[in-house]
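Working notes for the structure below.
There are 2 protein chains.
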Amino acid sequence: MRYKAGLETRERILDATRSLVAENGLDGTTIKAICEQAGVLPGSFYNLFASKEQAIVTVVREAIDAVDPDPAHQGTDSLHDLVAAYIRFLEESPALSRVYIRIGVSGAGSSPELSGRMVRHHEARVARFSAAMKRQSPELSETLAERRAETLVLALNGIALHRIIDPDFDVAWHARALLEDAAAVS
Amino acid sequence: MRYKAGLETRERILDATRSLVAENGLDGTTIKAICEQAGVLPGSFYNLFASKEQAIVTVVREAIDAVDPDPAHQGTDSLHDLVAAYIRFLEESPALSRVYIRIGVSGAGSSPELSGRMVRHHEARVARFSAAMKRQSPELSETLAERRAETLVLALNGIALHRIIDPDFDVAWHARALLEDAAAVS
DNA sequence: CTGATCTTTGAGCGTTTACTCTAATTTGAA
DNA sequence: TTCAAATTAGAGTAAACGCTCAAAGATCAG
Numbered sequence: 001m002r003y004k005a006g007l008e009t010r011e012r013i014l015d016a017t018r019s020l021v022a023e024n025g026l027d028g029t030t031i032k033a034i035c036e037q038a039g040v041l042p043g044s045f046y047n048l049f050a051s052k053e054q055a056i057v058t059v060v061r062e063a064i065d066a067v068d069p070d071p072a073h074q075g076t077d078s079l080h081d082l083v084a085a086y087i088r089f090l091e092e093s094p095a096l097s098r099v100y101i102r103i104g105v106s107g108a109g110s111s112p113e114l115s116g117r118m119v120r121h122h123e124a125r126v127a128r129f130s131a132a133m134k135r136q137s138p139e140l141s142e143t144l145a146e147r148r149a150e151t152l153v154l155a156l157n158g159i160a161l162h163r164i165i166d167p168d169f170d171v172a173w174h175a176r177a178l179l180e181d182a183a184a185v186s
Numbered sequence: 001m002r003y004k005a006g007l008e009t010r011e012r013i014l015d016a017t018r019s020l021v022a023e024n025g026l027d028g029t030t031i032k033a034i035c036e037q038a039g040v041l042p043g044s045f046y047n048l049f050a051s052k053e054q055a056i057v058t059v060v061r062e063a064i065d066a067v068d069p070d071p072a073h074q075g076t077d078s079l080h081d082l083v084a085a086y087i088r089f090l091e092e093s094p095a096l097s098r099v100y101i102r103i104g105v106s107g108a109g110s111s112p113e114l115s116g117r118m119v120r121h122h123e124a125r126v127a128r129f130s131a132a133m134k135r136q137s138p139e140l141s142e143t144l145a146e147r148r149a150e151t152l153v154l155a156l157n158g159i160a161l162h163r164i165i166d167p168d169f170d171v172a173w174h175a176r177a178l179l180e181d182a183a184a185v186s
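Chains as they are written, first to last, in the working numbering: chain A, 1 to 186; chain B, 1 to 186.
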């Protein structure tokens, strides 16, 4: 894994894994398909990755890192900023965001590694939304703000999810509608 | 499929299929597991069902029929009624509702039969919510009411989905929060 | 009881899965 | 140029998958 050729192969494998998981989901993605799309034979795959799961985890980590960008700004962003960032992620990284939705949705199947990572990510994300919610509506109680924040995050996921079934679905419109409703209350 | 024994076996197979899909999802449910849980051998399964997919489709149809009860009342129910009915479905039919969420969410995988059925169901459901929305807020334009109705349905699914990862998750609270937000706007 | 029909048995089919192994080739620092 | 280390090729493994089938057993109308 030190030579240039190996690193290039690794990238090709990750590209293939990303698009295949986006297209077919976790269980629908096979080693054979990855190798074919990457132009590689199984021996090469297993020279660079210990298992199929390791390649998938790598791609999922990418997706999780991409969904909550600019962590330096944490503590200053508004709910609107957060939702806008999510919409941008969905629109500008179609493959990666499909990976994210598929995993977040299926509960990562039978992989404890992925499940744990996703649960922790969800908690952190709710916390970030919750902080923004409290900043925007200081009159809300602690627990109420947290629950409303979680409602918003989960509802956003439900909306993003629909794009997997209907590629022409207008995610941005619905996400903004949701945000407006939440803002109208507070 | 006419003798009493066959009908009982059929029920046992459907019970097993329902709980296994609820627990492990579509791809995680195998013929072997179904047969073991139903106390049946593969030959018996295939005497009653043409394929694994047929058994699953039967269970999914159950779930779809259960999520929108009392179609006779269509045209009179309020948004609150519809959301309350959904919450009741989620709470009173845990296994069936998990099947519903898993299928609706994953896009039914690679089964065109299931995908088509789910798409049609979603459209009908949105139409029903949309009608209730127009009744409640006549001042909204046609398309606006429809889009808001779809936002609500999808957000509800996003919330219900989280219960698959966290069984203790308070679906009812979050669903009601969503409804209040939507109501506060109109 | 008879006998046609339905049900169950359980070994086993062919395919696909993730993954391994050895030998050949390529790489790039010294 | 040398040569150990990294990378590839590609046949091959064992296990799991959905599913089949012939034979034995259970059911129930006539």
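We put the beta carbon where it would ideally sit given N, CA and C, even for glycine. Just so you know, these numbers come straight off a predicted model, no measurement behind them.
{"Asked": "Closer than 8 Å to chain A by CB, Asp68 of chain B", "Found": "no"}
{"Asked": "Stretch-stretch touch, CB-based, cutoff 8 Å, three pairs: the stretch 83 to 96 of chain A with the stretch 42 to 51 of chain A", "Found": "no"}
{"Asked": "Ala184 of chain A at chain B interface by Cβ criterion, 8 Å", "Found": "yes"}
{"Asked": "Ile56 of chain B versus Asp168 of chain B: straight-line alpha-carbon distance, rounded", "Found": "26 Å"}
{"Asked": "Alpha-carbon to alpha-carbon, Gly158 of chain B and Leu156 of chain A", "Found": "7 Å"}
{"Asked": "Pairwise C-alpha distance: Gly28 of chain A and Val21 of chain A", "Found": "7 Å"}
{"Asked": "Below-8 Å beta-carbon distance, Leu154 of chain B vs any chain A residue", "Found": "yes"}
{"Asked": "Sufficient close CB pairs (3 or more, under 8 Å) joining the stretch 96 to 106 of chain A to the stretch 56 to 70 of chain A", "Found": "yes"}
{"Asked": "Simplified DSSP assignment, three categories, for Arg88 of chain A", "Found": "helix"}
{"Asked": "Buried/exposed call for Arg2 of chain A, threshold 16 Cβ in 10 Å", "Found": "exposed"}
{"Asked": "Any C-beta of chain A under 8 Å from that of Ile13 of chain B", "Found": "no"}
{"Asked": "Distance CB(Leu179 of chain B)-CB(Leu26 of chain B) smaller than 8 Å", "Found": "no"}
{"Asked": "Closer than 8 Å to chain B by CB, His73 of chain A", "Found": "no"}
{"Asked": "Neighbour flag for Ile159 of chain B against chain A, beta carbons, 8 Å", "Found": "yes"}
{"Asked": "8 Å Cβ cutoff, Arg120 of chain B in contact with chain A", "Found": "no"}
{"Asked": "Straight-line gap, Ala182 of chain B to Asp181 of chain A (C-alpha atoms, nearest Å)", "Found": "6 Å"}
{"Asked": "Closer than 8 Å to chain A by CB, Arg213 of chain B", "Found": "Since the first residue of chain B shown is 1 and the last is 186, residue 213 of chain B is not available in this structure."}
{"Asked": "Cα-Cα separation between Asp77 of chain B and Asn47 of chain B, rounded to whole angstroms", "Found": "43 Å"}
{"Asked": "Bounding residues of the alpha helix (DSSP H) (the contiguous stretch that carries Arg2 of chain B)", "Found": "Per DSSP, Arg2 of chain B belongs to no alpha helix (DSSP H) and is neither H nor E."}
{"Asked": "Ser130 of chain B: first and last residue of the uninterrupted alpha helix (DSSP H) it sits in", "Found": "Pro112 to Gln136"}
{"Asked": "Stretch-stretch touch, CB-based, cutoff 8 Å, three pairs: the stretch 114 to 130 of chain A with the stretch 118 to 126 of chain B", "Found": "no"}
{"Asked": "Best match in B:Phe49, B:Trp173, B:Ile164 and B:Arg176 for proximity to Ser19 of chain B [C-alpha to C-alpha]", "Found": "B:Ile164"}
{"Asked": "C-beta atoms of Ile34 of chain A and Ala16 of chain A nearer than 8 Å", "Found": "yes"}
{"Asked": "Best match in B:Gln136, B:Met133, B:Arg128 and B:Glu8 for proximity to Ala72 of chain B [C-alpha to C-alpha]", "Found": "B:Arg128"}
{"Asked": "Arg88 of chain B burial status per 10 Å Cβ neighbour count (16 or more: buried)", "Found": "exposed"}
{"Asked": "Thr143 of chain A - DSSP class collapsed to helix/strand/coil", "Found": "helix"}
{"Asked": "Contacts of Asp27 of chain A in chain B (Cβ-Cβ under 7 Å)", "Found": "Asp27"}
{"Asked": "Burial state of Ser51 of chain B (16 or more Cβ within 10 Å)", "Found": "exposed"}
{"Asked": "Limits of the unbroken alpha helix (DSSP H) element including Gly25 of chain B", "Found": "Counting along the chain, Gly25 of chain B falls outside any alpha helix (DSSP H), and DSSP gives it neither H nor E."}
{"Asked": "Own chain, CB closer than 6 Å to Phe49 of chain A, minus 5 neighbours either side, in chain order", "Found": "Ala55"}
{"Asked": "Beta-carbon neighbours of Leu178 of chain A, restricted to chain B and to distances below 7 Å", "Found": "Thr151 and Ala155"}
{"Asked": "Alpha carbon of Leu7 of chain A to alpha carbon of Arg102 of chain A, nearest angstrom", "Found": "27 Å"}
{"Asked": "Nearest-angstrom beta carbon gap, Leu114 of chain A and Val171 of chain A [assumed within contact, 8 Å]", "Found": "The Cβ separation is near 24 Å, so there is no contact."}
{"Asked": "Rounded Cβ spacing between His174 of chain A and Leu144 of chain B (contact assumed at less than 8 Å)", "Found": "The Cβ separation is near 12 Å, so there is no contact."}
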